[in-house]
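Enquirer:
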Amino acid sequence: MGAVTALLHGDRDPSIAGMVIDSAFQDMRTLATDLAQQLGFRIPGLMLSAVLGMLRLSVKSRAHFDIFDLEPIAHVDQTYIPALFTAARGDTFINPRNTDALFEKYAGDKNLVKVDGNHNTTRPKFLMHSIAIFFVNT
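Numbering (this note's numbering) for the sequence shown: 1 to 138.
Written out as structure tokens, the structure reads:
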């Protein structure tokens, strides 16, 4: 969720020197659809929309924010902060397609590094070195 938060805020704060975006989702609808498919549920689009609508209302009444505002894909084309995007090829929680879509639309200087593993796999040392070099150069 930190990567999504950074992307939602990046277009409003040009003082940020650089961002590492690890396994961000592009929007809540895509995330919900991907998770349902990953869990083996075949949910018709209309039913998924209804469930998301109920979830949206519940979150709005309890947490006072709209989950449909969690849409970093709508912000990245106006974000110019240098960014290093990364995702695990075997991530079954946040499909790496999300990172690809965000990276493709991102307006600023950007790099993409894919690693082996899943969402919770410890990231390899070469990625940590790449991140360090990225921040030294930004």
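From the three backbone atoms N, C-alpha and C, an ideal C-beta is built for every residue, glycine too. No experiment lies behind these values; they were computed from the predicted model shown.
1. Evaluate contact between the stretch 113-131 and the stretch 83-94, counting only Cβ atoms and requiring at least three cross-stretch pairs below 8 Å.
2. Inspect the beta-carbon positions of Asn-98 and Thr-33 and report whether they are closer than 9 Å.
3. Using a Cβ-Cβ cut-off of 7 Å (strictly less than) and excluding sequence neighbours within five positions of Arg-123, which residues of its own chain qualify?
4. Of the residues His-9, Asp-13, Met-19, which one's Cα is nearest the Cα of Asp-82?
5. Can you tell which of Phe-93, Lys-105, Asp-27 has the C-alpha that lies nearest to the C-alpha of Asp-77?
Expert: For this structure:
1. Segment contact: the stretch 113-131 against the stretch 83-94, three or more CB-CB distances shorter than 8 Å; contact assigned.
2. Taking 9 Å as the Cβ cut-off, Asn-98 and Thr-33 do not qualify as a contacting pair.
3. Answer for Arg-123: Val-115, listed in chain order.
4. This sequence places Pro at residue 82; Asp is not what is there. Selection His-9, Asp-13, Met-19 evaluated against Pro-82 yields Met-19 as nearest (Cα-Cα).
5. Nearest of Phe-93, Lys-105, Asp-27 to Asp-77, Cα basis: Lys-105.
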